[in-house]
Amino acid sequence: MLEYQLLSPEEESGELYPYRRVWRSLILEMVVLLLVAAAVFIGVQLDIIEDAYSRTGNILLALLPIGLFYVFSVRSEQRVAEPRQGLLVVLLLSVIVANGVAWTVIQEVFTPDRWLVEAGFFSRIIGYTFTLGILAEFCKYAVIRYTVWPDRFRYRLDGVAYSVPAALGYALVVNLHFLLQDEPTISAAAIRVLVNVYLHITVGALMGYFLAELLIGRVPFFWLPFGLFLASFISSLFIAFRRIAVVSGLGSRDIGGLLLVLGFTVFVLGAVAFLIDSADERTAARAGLRRLR
Amino acid sequence: MRAFDRFDELDQQSLPQGTQVNSLLAIATVLAMLGLGVVIRNNTLAATTVYEDRINGVTAQLPANWLIDAEPEDQTYIFRATDTGGIPFKTYIQVSIVTVGADANPRNVIDALNVLGPARLSIYHVVSIEETRLGDDVATRITYFYVDTEENPFLETEPTVVEGVDLVVIRRNQALIFTFRDAAATFEENEFYFRNFLETVEY
Chain A
1 MLEYQLLSPE EESGELYPYR RVWRSLILEM VVLLLVAAAV FIGVQLDIIE
51 DAYSRTGNIL LALLPIGLFY VFSVRSEQRV AEPRQGLLVV LLLSVIVANG
101 VAWTVIQEVF TPDRWLVEAG FFSRIIGYTF TLGILAEFCK YAVIRYTVWP
151 DRFRYRLDGV AYSVPAALGY ALVVNLHFLL QDEPTISAAA IRVLVNVYLH
201 ITVGALMGYF LAELLIGRVP FFWLPFGLFL ASFISSLFIA FRRIAVVSGL
251 GSRDIGGLLL VLGFTVFVLG AVAFLIDSAD ERTAARAGLR RLR
Chain B
1001 MRAFDRFDEL DQQSLPQGTQ VNSLLAIATV LAMLGLGVVI RNNTLAATTV
1051 YEDRINGVTA QLPANWLIDA EPEDQTYIFR ATDTGGIPFK TYIQVSIVTV
1101 GADANPRNVI DALNVLGPAR LSIYHVVSIE ETRLGDDVAT RITYFYVDTE
1151 ENPFLETEPT VVEGVDLVVI RRNQALIFTF RDAAATFEEN EFYFRNFLET
1201 VEY
């Protein structure tokens, strides 16, 4: 009598993704920040929160993105097989460079309050591109370029991963100076913090892509200068359109800027994600390798 | 087919060609852009617009975007250009004309201003009076400080120490008084507006 034996199908050896999912962490951080800002704004509209200046509240709002980054990114790195090193170093250096170099140059040399604030649309784009925009992008770029690049860069998304702490450090300095000097109400502070953080993360991610591509791809000799100019120009474009948005007649002057930054972020980060993904596909195809997803 | 996500497995032993050139060019580009940014800033701040007062025969280049008032209620000046965005004090350049005798000189007018100063301005204090020239004409310049206080008590603003300069030249039987006033803290920074004005004024 024949005996039949049931054979279980051979299990495919699944390959674990060894790195932290950059986009997932970033989206979580941005969504939670958006929810907090929205809660503050709605709370004020419903008279649950008093819309007054609160030094402590404003400082907490400015520090919130850093806290979210620590929870969703830094701690997540500890749970993966190949964690990224030096994220907090990049963050700290970015704060130091932004406060020690960029802010000093802005206040002592460029003095934008005297000429740029009242400038027209095109003058504003040109003025910001060649002063505050390029200064901010260069500071963030330099922090990454002269610390973790190229040793810590293993694949293209590392550019985005390291650009986030650099952007958060710069945004923290800008936000703290604004919140402590101008003393805005809590709702205005929440929206301004969100706008600044989104703007710097978005443009920083673009620069991160340029840095990663410089190491991994085949790029022309003007790749980095072009990247810095493009990042600076795009952030200036946002600044110029933001002025139109805040006077667009919506109920609150700040809500226009908030809506604009949401669209801007989705569009630019979507473009960066597409560029990185397609570049990875091309590299994998050229090398005859299979991508891990 | 093996999997990858680490590009250091792609036989890249050293940095790609052109990395150094890219990095150096990036620094050069940023320096060039920042330099251009300073030029744009300076040009924007120094931008002027021609103002012509045909009735009183005074033409000058005034800072662009400053508010020009040529119809004062009290007739104490013929025109005044004000930086309405100035904080804490709205910087201004003003031109006044007073009638003088045939043998008057700029110093006489300055002395009269000096006497009237304490009555017109709070805590008026003269720093210097010096002879100078405006083009080919003899001029006298007085530098002083006073404290500017907001007249509306509901605005609850702090008093501001203001530094002022009056420069007087004589044109036939008229004395032209060119005045520049700014917060003492920003006077040196903004004084170039007045210098530019004096270099271009025709009377």
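Going line by line, the protein sequences match chains A and B. Residue 121 in my numbering sits at position 121 of the first sequence, with consecutive numbering throughout. In my numbering, each residue's number is its place in the second sequence (first place is 1) plus 1000. Yeah, the Cβ is synthetic: ideal placement off N, Cα and C, and Gly gets one too.
Within chain B, partners of residue i - CB distance below 7 Å
{"i": "P150(A)", "result": "L1015"}
{"i": "G296(A)", "result": "Beyond the ends of chain A as shown, which are 1 and 293, falls residue 296(A); an answer cannot be given."}
{"i": "I126(A)", "result": "I1040"}
{"i": "F233(A)", "result": "Within chain B, no residue comes near F233(A); the closest Cβ sits about 10 Å away, beyond 7 Å."}
{"i": "F138(A)", "result": "V1030"}
Residues near residue i by beta carbon distance below 7 Å, same chain, minus five either side
{"i": "D51(A)", "result": "V44, T185, I186, S187"}
{"i": "V294(A)", "result": "Outside the shown range of chain A (1 to 293) lies residue 294(A), about which nothing can therefore be said."}
{"i": "L1134(B)", "result": "L1167, V1169, L1198"}
{"i": "V195(A)", "result": "G257, L258, V261"}
{"i": "Y1203(B)", "result": "G1057, V1058, R1171, L1176"}
{"i": "F1007(B)", "result": "Because the pLDDT at F1007(B) is just 49, under 50, the model does not fix this residue reliably, and the point stays unresolved."}
{"i": "V95(A)", "result": "G169, L172, V173"}
{"i": "L275(A)", "result": "Y209"}
Beta-carbon proximity list for residue i, same chain, < 6 Å, skipping 5 on both sides
{"i": "A240(A)", "result": "F121, R124, I125"}
{"i": "T1044(B)", "result": "none"}
{"i": "L93(A)", "result": "V143"}
{"i": "Y162(A)", "result": "V90, I144, V148"}
Chain-order list of residues whose beta-carbon lies under 8 Å from that of residue i (same chain, five-residue window excluded)
{"i": "A273(A)", "result": "W23"}
{"i": "E281(A)", "result": "R291"}
{"i": "F229(A)", "result": "T129, I134"}
{"i": "V268(A)", "result": "T202, V203, A205, L206, I234"}
Contacts that residue i makes with chain A (C-beta to C-beta distance below 7 Å)
{"i": "A1026(B)", "result": "L224, P225, L228"}
Nearest-angstrom beta carbon gap, residue j and residue i [assumed within contact, 8 Å]
{"i": "A205(A)", "j": "V160(A)", "result": "5 Å"}
{"i": "R152(A)", "j": "G86(A)", "result": "6 Å"}
{"i": "I1129(B)", "j": "Y1146(B)", "result": "Going by Cβ atoms, the distance from I1129(B) to Y1146(B) rounds to 16 Å, so no, they are not a contact pair."}
{"i": "P225(A)", "j": "T1029(B)", "result": "4 Å"}
{"i": "F130(A)", "j": "G1037(B)", "result": "4 Å"}
{"i": "I1110(B)", "j": "I1142(B)", "result": "5 Å"}
{"i": "L68(A)", "j": "L33(A)", "result": "6 Å"}
{"i": "H177(A)", "j": "W103(A)", "result": "6 Å"}
{"i": "V80(A)", "j": "P18(A)", "result": "6 Å"}
{"i": "A37(A)", "j": "I191(A)", "result": "6 Å"}
{"i": "D158(A)", "j": "A212(A)", "result": "6 Å"}
{"i": "L61(A)", "j": "V193(A)", "result": "5 Å"}
{"i": "R1181(B)", "j": "Y1092(B)", "result": "6 Å"}
{"i": "L168(A)", "j": "I66(A)", "result": "6 Å"}
Under 9 Å from the C-beta of residue i: neighbouring residues of chain B
{"i": "I134(A)", "result": "T1029, V1030, M1033, L1034, G1037"}
Per-residue contacts from residue i into chain A (C-beta, under 9 Å)
{"i": "S1023(B)", "result": "R145, L214, L224"}
{"i": "G1164(B)", "result": "Under the 9 Å cutoff, chain A gives no residues; its nearest Cβ is about 20 Å from G1164(B)."}
Residue i: contacting residues in chain B (beta-carbon distance under 8 Å)
{"i": "F221(A)", "result": "G1018, V1021, N1022, L1025"}
{"i": "F130(A)", "result": "M1033, L1034, L1036, G1037, I1040"}
Amino acids of chain A, ordered along the chain, whose beta-carbon sits closer than 8 Å to that of residue i
{"i": "G1117(B)", "result": "By Cβ distance, chain A contributes nothing, its closest Cβ being about 29 Å from G1117(B), past 8 Å."}
Residues of the segment 109-122 of chain A whose Cβ lies closer than 9 Å to any Cβ of chain B, in chain order: V109, F110, T111, P112, D113, R114, W115, L116, V117, E118, A119
For the segment 1037-1051 of chain B, which residues have a CB atom closer than 8 Å to at least one CB atom of chain A, in sequence order? G1037, V1038, I1040, R1041, T1044, L1045
Could you give the uninterrupted runs of the beta strand (DSSP E) lying entirely in the segment 1001-1086 of chain B, keeping only those of 3 residues or more? 1048-1053, 1058-1063, 1067-1069, 1079-1082
Any chance you could list the alpha helix (DSSP H) runs of at least 4 consecutive residues sitting entirely within the segment 200-248 of chain A, in chain order? 223-246
Taking only beta carbons into account, state which residues of the segment 1051-1078 of chain B come closer than 8 Å to chain A, listed in chain order. N1065
Output, in sequence order along the chain, the residues in the segment 1089-1106 of chain B whose CB is closer than 7 Å to any CB in chain A. none
Listed from N- to C-terminal order along the chain, which residues in the segment 1168-1196 of chain B have their beta-carbon within a distance smaller than 8 Å of any beta-carbon of chain A? none
Ignoring anything shorter than 4 residues, give me the alpha helix (DSSP H) runs that lie fully in the segment 148-182 of chain A, in order along the chain. 157-182
Let me know the alpha helix (DSSP H) ranges lying completely inside the segment 1106-1180 of chain B, each 4 residues or longer, listed in chain order. 1106-1120
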